[in-house]
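**Q** Below you'll find the structure I mean.
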Amino acid sequence: MSMNNQGRPTTPHAASASETAGTFTGNRALMQEEALIFELDNPGVVGVDLPEPATTKTKLGGVKARGRIGLPDLAEPQVVRHFTRLSQKNFGIDSTMYPLGSCTMKHNPRLNEKMARLPGFSDIHPLQPESTVQGALELIDQLAHWLKTLTGMPAVAMSPGAGAHGELCGLMAIHAALEARGEGHRKRVLVPESAHGTNPATAAFCGFSVDTIPAEDNGRVSVEAVKAKLGPDVACIMLTNPNTCGLFEPQIKEIADAVHEAGGYFYCDGANYNAIVGRVRPADLGVDAMHINLHKTFSTPHGGGGPGSGPVVLSAALAPFAPLPYVVHGEDGFRLVEHAADAEGKPFGRLKTFHGQMGMFVRALSYILSHGADGLRQVATDAVLNANYVLASLQDVMSAPFGGPCMHEALFDDGFLKGTGVTPLDFAKAMIDEGFHPMTMYFPLVVHGALLVEPTETESKSTLDQFIATLRHLAEKAKAGDAAFFQAAPRLTPRRRLDETAAARKPILRWTPPAQPVQAQAAE
Ligand SMILES: *Cc1c(COP(=O)(O)O)cnc(C)c1O
């Protein structure tokens, strides 16, 4: 088999027929195999027809290109097909259900997209004079008002670009508040075992040490466990509610009170806010800072690393330290406070060049206004209902570590696969052949072989029924002893099992031309 320098077969039919669909071309039905655009390079082919220049006299003063600049030469139809084919391989929420726990992959209403494309929002520049972008500033202000009202918090920092960036914002505000109090010696941050990896990473990045709080047998954090860790060197606790096991933390108020009494702050990871929006105000739970993933709770599209938006609501204690810039409504309309000297409080600095992710702000406000207060309440209700439907429907064939009911996520463990020779990974790969993106696997870490399903509120009963029937079928198949079937999955994907460890540890991020001159490819 001839391989290119990335270890990919260069001839589509090189892989053994039993390993693939067995087609001559490597194409599968109407899905085309696609090479890298550099491999499609066809030197001399161009997509434009320019007239010969009238004069051949160079104006470059002798600085002439000595060779090709490393970009592929392609005609327009090849370019169109290349990117269209890639788009067809890009699995997304527009294709089918995407039950990735904690990620809240829900439908992105098209109304949001229409609003975000209005020229008054999409064609403006952050450096335009403020008088020409009053509507955009008012939109940021209105969205801020909604986020503050829904959470009950007095302030919000709009600029963070994602949830993790919001955590950074929150911890920098906490750091600034502690310094202002003369208590910069508080360097310990409490983080429950079940936390999302970004929580301890953020704390460490900000120069804090991370102290882990063990989970109780029921998947929750107890006030006793927190109290045992409190002391004069504790800066804050980072707690998620509902937590990453999909469970509400019933002692959250007691925990907040204990942390406050010990002089610490309460950072709440708000990634799971869609489970409680319109029903619980985080301010009433004693929260000092919480990021809101607009791209999760408020339906702005995400995946593949961007774009995101993670505004952080802040309590009165932390509000003075909110980062620059922020929008204020003055006598002459809206303006951005850009400099510490113009700020009322003591901003800790700036997290982004400009004010934040404008396109996401527009989508989020469109979502909020089209739902209204009653609709947002319904979001939380339906998110919890759908997850409980999945949990209850599969409880007899799969195993749930904490029983029910749950909040917006149904958590299973690998108990039901015990003795079958099928791992959660094998099980997930078999789901791919059935047309479902796998759920989150092996997270949260407190549950052995975790399978975390977040159906979200936008899935219909018929989609959920099909998903449930598929998982039921696969669970029964695993129990029937067909381990080989699972170990060979996925069979129907463009690529089968990959060496994920090598891909993570030794990623090849740069394409270099093969040593041997490649044969020119036929134009399409
Ligand atoms: C998604 C998520 C984060 C991080 O948010 P990003 O927007 O991906 O940076 C943090 N905590 C939890 C629980 C999450 O689900």
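Residue numbers (numbering that gives the first Met the number 0): 0 to 523. No residue lacks a Cβ here, since even glycine has one placed at the ideal position from N, Cα and C. Predicted model, so just to flag it, every value in this text is computed and none were measured.
1. Quick one: using the 10 Å Cβ neighbour count with 16 as the cut-off for buried, is V421 buried or exposed?
2. How many angstroms separate the CA atom of L352 from the CA atom of K56?
3. CB of T197 to nearest heavy atom of ligand 1: below 6 Å?
4. Closer than 8 Å is the cut-off here; do at least three beta carbon pairs connect the segment 102–114 with the segment 70–80?
5. Could you please give me the residues that DSSP links to C267 through a beta bridge?
6. At a cut-off of 6 Å, would you count G169 as near ligand 1, judging by its Cβ distance to the nearest heavy atom?
7. Under the DSSP definition of a beta bridge, which residues are partnered with A156?
8. In angstroms with no decimal places, state the Cα-to-Cα distance between P512 and E38.
9. Hey, is A270 close to ligand 1, as in C-beta under 6 Å from one of its heavy atoms?
10. Just checking A203 against ligand 1 - is the residue's beta carbon closer than 6 Å to any of the ligand's heavy atoms?
11. Distance check for G169 and F347, CA to CA, integer angstroms please.
12. Let me make sure I understand the geometry here. Which of M114, G262, A379, P125 has the alpha-carbon closest to that of F247?
13. With respect to 6 Å, is the separation between the Cβ of G307 and the closest non-hydrogen atom of ligand 1 below this value?
14. Please classify V446 as buried or exposed, where buried requires at least 16 neighbouring CB atoms within 10 angstroms.
15. Indicate the three-state DSSP secondary structure (helix, strand or coil) for G332 in the structure shown.
16. Please report how far the alpha carbon of R362 lies from the alpha carbon of S369, in whole angstroms.
17. For the alpha helix (DSSP H) holding L85, just list the boundary residues, first then last.
18. Bridge partners for I212 per DSSP, in chain order?
19. Here's a check: name, in chain order, each residue in its chain whose Cβ is nearer than 6 Å to the Cβ of N26, leaving out the five neighbours to either side.
20. So what does DSSP say about Y388, is it helix, strand or coil?
21. Taking the alpha-carbon of A429 as reference, which of Q486, E458, L99, P191 has the nearest alpha-carbon?
**A** So, from the listed chains and residues:
1. buried
2. Note that residue 352 is Thr in the sequence shown, not Leu. Cα to Cα, T352 sits roughly 43 Å from K56.
3. yes
4. no
5. L238, M289
6. no
7. V311
8. 8 Å
9. yes
10. no
11. 10 Å
12. A379
13. yes
14. buried
15. strand
16. 10 Å
17. 75–88
18. P191
19. E32
20. helix
21. Q486
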